[in-house]
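To convert, note that position 105 of the sequence shown is 104 in numbering that gives the first Met the number 0; the numbers rise steadily by one, no gaps.
We put the CB at the ideal spot given by N, CA and C, even for glycine.
On a predicted model such as this, the values are computed, not experimentally measured, just so you know.
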Amino acid sequence: MTFQTPPSLTPKKGIPGTVPETYRSALSHLLIDEDTLQNRIREMGQAIARDYADKNPVFVGVLKGVLFFMADLLRYTPIPLAVDFMAISSYSPETRDQGLVRITKDLDLCIEGRHVIFVEDIIDTGLTLGYLLRLLRSRHPASLEVAALFDKPGRRLIDIKPRYLGFHLPDLFVVGYGLDFREHFRNLPFVGVLNPEVIKNQKRQPKR
Ligand code: 5GP
């Protein structure tokens, strides 16, 4: 089935009052609140459940950004399924720009002949995803589709269209709901826009 077009987004003021002050001061806007996220992920899960009802798919995610999305998406997909994770690290900024990544944890499951749904938190240039899809395809799954929560189509360098997509994002650096900046902000239940000053200031400091 064709999955409906993602809703459009506008950054808003109004970071929830429960957010710690150190995080609040680093965020410029709220982009997607918790209810909007959950409603959209529920729609994605329902669409996947309809399409894969009798296919016993394997959901594959890359740690750690996909953690929250994977957990919620699976809960909204009430069909028999399996889940597995990989972990990667980029060799260096230069090789990352060419989409070269090192697998630091491979899948435990064999995906040959299985229907695989690659679950991705955010597609930016698409280079990382392109590399991983080529790798997974070389293992001969019965089918391979992508379910991505966020897509920044304006920054795409290679042609990849997720079969299931949560939201198109503007070209802003976002955090929360699993997405980090230097390992912080992952635990926010919503998605916020990081203040560009924070990125600039951190670039001047050594990474810890
Ligand atoms: P790509 O290879 O598509 O350029 O890189 C995708 C990866 O870049 C994502 O998995 C994520 O780690 C990182 N990324 C891209 N945009 C953002 C963003 O707005 N916020 C965060 N936290 N990470 C991002």
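Beta-bridge pairing of residue i - partner residues as DSSP gives them
i: M85; result: V61
i: Y75; result: Partner(s): none; Y75 has no beta bridge.
i: S142; result: H114
i: R101; result: S88
i: A147; result: E119 and L164
Residue i classed as buried or exposed, judged by whether at least 16 other C-beta atoms fall within 10 angstroms
i: E119; result: buried
i: R181; result: exposed
i: N200; result: exposed
i: P56; result: buried
i: G112; result: exposed
i: A52; result: exposed
i: K206; result: With a pLDDT of 48 at K206, under the threshold of 50, the modelled position of that residue is not reliable, and no figure is offered here.
i: L193; result: buried
i: M0; result: Residue placement at M0 cannot be trusted, given a pLDDT of 46 that sits under 50; what the coordinates show is reported in the next sentence. M0 should be labelled exposed.
Any non-hydrogen atom of the ligand 5GP within 6 Å of residue i CB
i: L126; result: yes
i: D170; result: no
i: L132; result: no
N- and C-terminal bounds of the alpha helix (DSSP H) containing residue i
i: T35; result: E33 to Y51
i: E182; result: Premise fails: E182 is in no alpha helix (DSSP H) and is neither H nor E.
Cβ distance (whole Å) where residue i is taken to contact residue j below 8 Å
i: V18; j: L187; result: 7 Å
i: I87; j: T103; result: 6 Å
i: I31; j: F184; result: Between F184 and I31 the Cβ distance is about 14 Å, and since that is not below 8 Å, they are no contact.
Start-to-end residues for the beta strand (DSSP E) that takes in residue i
i: Y163; result: Y163 to H167
i: G191; result: V190 to L193
heavy atom of the ligand NAD below 6 Å from residue i C-beta
i: G64; result: Annotation note on the ligand NAD: not contained in the displayed structure, which lists the ligand 5GP as its ligands.
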